[in-house]
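Working notes, beginning with the structure itself.
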Amino acid sequence: SNQDKFLAIHRKNWSDQTMECRYVPISSECTKLLIYIDQTSMEIFVNEGESTASLRVFFDEKVNSFEFRSDEIMQCTCYSLTV
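Encoded structure:
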């Protein structure tokens, strides 16, 4: 179901050092995953057009991991980031 599809970033909050999760639901079938990286940040896009979901990570945010869940077969894919 579409409720099982999401893009999430697990990070440490810079102000109080607690762990938090930024969460973006994905509204349609996942067809593409794009990652753009520049000197200060990384932006993750799922799909294109009206169904795009995206999250931007700044490298000074102390991100622990981001998670992309697309369907029952893929289950959960976690990508660890080291900055």
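Take 663 as the starting number for the sequence shown in my numbering and just add one per residue. C-beta atoms are modelled at their ideal positions from N, C-alpha and C, and glycine is treated no differently. Note that this is a predicted model, so its numbers are computed, not measured.
Three-way DSSP call (helix, strand, coil) for residue i in this model
i	result
E710	coil
Integer-rounded CB distance, given that residue j should sit under 8 Å from residue i
i	j	result
P687	F668	5 Å
Cut-off 6 Å between Cβ atoms - residues of its own chain near residue i, not counting five sequence neighbours on either side
i	result
T680	none
Strand pairing of residue i, partner residues [DSSP]
i	result
E682	R673
S689	Answer by DSSP bridge pairing: none, since S689 is not bridged.
F720	S703
Contacts around residue i, its chain only, beta-carbon distance under 8 Å, and the 5 residues preceding and following it disregarded
i	result
E682	H672, R673, K674, N675
M736	In this predicted model, M736 has a pLDDT of only 43, less than 50, meaning its place in the structure is not dependable; the value taken from the coordinates is given anyway. Cβ within range, chain order: n/a, list empty.
Among the options, the one whose alpha carbon lies nearest that of residue i
i	options	result
F721	N709, E705, E710, S689	E705
T714	Q701, L695, D700	L695
T702	C692, E712, R718	R718
Proximity test, Cβ basis, 9 Å: residue i and chain B
i	result
Y698	Among the chains in the structure shown there is no chain B, since it carries only a single protein chain.
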